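These notes are about the structure you will find just below.
In full-length UniProt numbering, the protein residues as written are 1 to 278.
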């Protein structure tokens, strides 16, 4: 059994040359699974050890722009690279988003099919939507792994995912404020990839602009701090905590110090394209 995680994008809605929009590939037994498709995802995939046409499964935690800006590029470029199958899993609204992308690029798609590109891997995509629910739900993905989803604390319908192949367990939080649902979903996981947007050194936390102070105040209801991520990891007894979704101007040493006051497991503060094999 093999497991690796490639952190394609560790950033936030704020554009950054160092950190692309939120996205990661979880590879379980050689099957690459894309989680979210933030801005720059295609370039990051090309910079990684993967090819676009390898990735036939994508999960969306939610449909905020910073998690889907790169989807159209991924969808069409992967198809043009020879992908034959695609399963897209996400909250209610995922199918509409997918169809709007096809509609927006219909002339481009028509041109490429006129050249001889088959429509498989694009027009036959399998879309699976998860309904709003307070329960942990199992998802039939067709993959040889167990996948569960649980609703998170965010201002749009957001799901964390738990991937379990019988040997390894990985949980990806998506965007969330602290919630007991994530502690439950993450119990004894090998890896928890957790939102860490609310760092004390990030650009919004020390702003003098009144409107940005209001933004920072409201973000407390939607995201997590290093301390809160550490508390969740500690309560869930996870082995490895990977932090992500960073605003610009973070202090990595300060984040690590804050986390290690609470969480005694392995803490990873990655950069884009870091490969983690816990």
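Ideal Cβ positions, reconstructed from N, Cα and C, are used throughout, including at glycine. Here the structure is a predicted model, which means the values were calculated and not measured.
Enclosing beta strand (DSSP E) for residue i [first to last residue]
i: residue 88; result: 87-91
i: residue 57; result: 57-59
i: residue 169; result: 169-172
N- and C-terminal bounds of the alpha helix (DSSP H) containing residue i
i: residue 66; result: 65-68
i: residue 199; result: Careful: residue 199 lies outside any alpha helix (DSSP H) and carries neither H nor E.
i: residue 272; result: Here residue 272 belongs to no alpha helix (DSSP H), and DSSP marks it neither H nor E.
i: residue 114; result: 106-115
i: residue 257; result: 252-260
i: residue 74; result: 71-80
Beta-carbon proximity check, residue i vs residue j, cutoff 7 Å
i: residue 86; j: residue 116; result: no
i: residue 20; j: residue 30; result: no
i: residue 37; j: residue 71; result: yes
i: residue 175; j: residue 154; result: yes
i: residue 177; j: residue 222; result: yes
i: residue 3; j: residue 28; result: yes
i: residue 74; j: residue 41; result: yes
i: residue 81; j: residue 102; result: no
i: residue 269; j: residue 226; result: no
i: residue 276; j: residue 55; result: no
i: residue 164; j: residue 146; result: yes
i: residue 92; j: residue 69; result: no
i: residue 149; j: residue 130; result: yes
i: residue 209; j: residue 185; result: no
i: residue 238; j: residue 192; result: yes
i: residue 252; j: residue 230; result: no
i: residue 67; j: residue 158; result: no
i: residue 218; j: residue 278; result: no
i: residue 280; j: residue 33; result: The question about residue 280 has no answer here: the residues shown for the chain are numbered 1 through 278.
DSSP bridge partner residues for residue i (one or two, in chain order)
i: residue 149; result: 137, 161
i: residue 266; result: 240
i: residue 4; result: 27
i: residue 129; result: 90
i: residue 45; result: Bridge partners of residue 45: none, in fact.
i: residue 177; result: 153
i: residue 192; result: 171, 241
i: residue 9; result: 23
For residue i, the three-state DSSP class (helix, strand or coil)
i: residue 29; result: coil
i: residue 218; result: helix
i: residue 183; result: helix
i: residue 234; result: helix
i: residue 245; result: coil
i: residue 122; result: coil
i: residue 17; result: coil
i: residue 34; result: strand
i: residue 227; result: helix
Closer than 6 Å: residue i CB and nearest the ligand SAM heavy atom
i: residue 85; result: Judged by which ligands are present, the structure shown has none, so any question about the ligand SAM falls away.
| Cβ contact (3+ pairs, closer than 8 Å) linking the stretch 239-248 and the stretch 136-151 | no
| query | Counting Cβ pairs closer than 8 Å, one from the stretch 188-200 and one from the stretch 93-102, do we hit at least three? | reply | no
With a cut-off of 8 Å, do at least 3 Cβ pairs link the stretch 226-243 to the stretch 262-278? yes
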